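First residue of the sequence shown: 19, per the numbering used here; consecutive thereafter. The beta carbon of each residue, even a glycine, is placed where N, CA and C say it ideally should be. A quick note: this is a predicted structure, and the numbers were derived from the prediction, not measured.
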Amino acid sequence: MLSVHGRKPAAVVVEPVARCFLKLGLTPNAVTVIGTVVTVAIAVVLIPLDHLVAAAVLSGLFAAFDMLDGTMARMTTGGSRFGATLDATCDRITDGALFAAIAMWLVYVDNAHPATVAACLAVLVFSQVISYVKARGEASGFDMVGGLVERPERLIIGLVGIGLEGFGVPWAIEVALWVLVVGSAFTVAQRLLLAQRQDTPARFREDV
């Protein structure tokens with residue numbers, strides 16, 4: 019939802035920073051890669067070491083690079099197919115790194131219940147499936163705009179969960195993960211239903 023409705027409010031902050039980066043000579047693709055490397059490093063180092071508040075704050079700041087690169091592209095060349103592919107690939111990497119790091123924290127630091135670890139792994143899988151359904155649907159010509167839990171919601175809920183856990187709020191990460199499990203499962207079904215409603219009889223079916 020936020021990926022559709024949140025861009026205009028965020029543009030007030032994002033556009034001046036994007037102009038500054040362009041003046042410094044950075045390209046949108048460079049910003050994509052830098053943001054990915056730093057965000058992954060923050061997640062896989064700070065979260066397993068139990069620095070949850072720092073991880074939440076820094077991950078949130080560098081996650082904003084996901085808006086910067088697109089804004090920079092629109093201000094210059096208008097974007098490229100390679101840039102879009104790179105951005106989507108890096109998004110999947112950062113999503114996977116975040117929830118893999120949370121799973122490591124649950125197992126090695128928190129000694130969490132196996133059900134909580136399973137929920138975290140389920141969120142990791144759903145995060146990839148949600149994006150794949152959208153990409154595959156758009157490749158088939160479907161309009162796949164929107165969804166209950168998209169990447170911004172997933173990051174906000176996950177980072178707020180680990181941040182509150184770091185402040186000592188009980189069950190914060192468990193609640194965040196189970197909210198994401200239910201919301202993500204709903205979003206997968208929502209997008210498949212959206213594609214089905216737009217479908218016309220096909221002469222063949224592809225296996226991918």
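**OP:** Please go through the same chain and pick out, in chain order, the residues whose beta-carbon is closer than 8 Å to the beta-carbon of Leu20, but skip the five residues on each side of it.
**Re:** For Leu20, the predicted model reports a pLDDT of 49, less than 50, meaning its position is unreliable; a value from the coordinates is still stated below. If we look at Leu20 and ignore the five residues flanking it on each side, its Cβ neighbours are Glu168, Pro170, Glu171, Ile174.
**OP:** Kindly indicate which three-state DSSP category Ile111 falls into: helix, strand or coil?
**Re:** helix
Original post:
With 16 other CB atoms within 10 Å as the buried threshold, where does Ser98 fall?
Top reply: exposed
Original post:
In chain order, what residues of the same chain have a beta carbon less than 8 Å from the beta carbon of Pro66, not counting five sequence neighbours either side?
Top reply: Ala119, Met122, Trp123, Tyr126, Val127
Subject >> Length-filtered (4 minimum) alpha helix (DSSP H) runs lying within the stretch 145-215 >> reply: 169-184
Original post:
Between the C-alpha atoms of Met85 and Gly179, what's the straight-line distance to the nearest angstrom?
Top reply: 22 Å
**OP:** Inspect the CB distances between the stretch 40-58 and the stretch 75-94 and report whether three or more fall short of 8 Å.
**Re:** yes
**OP:** Determine the direct distance from the alpha carbon of Asp87 to that of Val49, and round the result to whole angstroms.
**Re:** 6 Å
Original post:
Secondary structure at Val55, three-state DSSP: helix, strand or coil?
Top reply: helix
Original post:
Hey, how far is the Cα of Thr218 from the Cα of Val151?
Top reply: 17 Å
Original post:
Quick one, which of Ser149, Leu166, Met93 has its alpha-carbon nearest Val200's?
Top reply: Leu166
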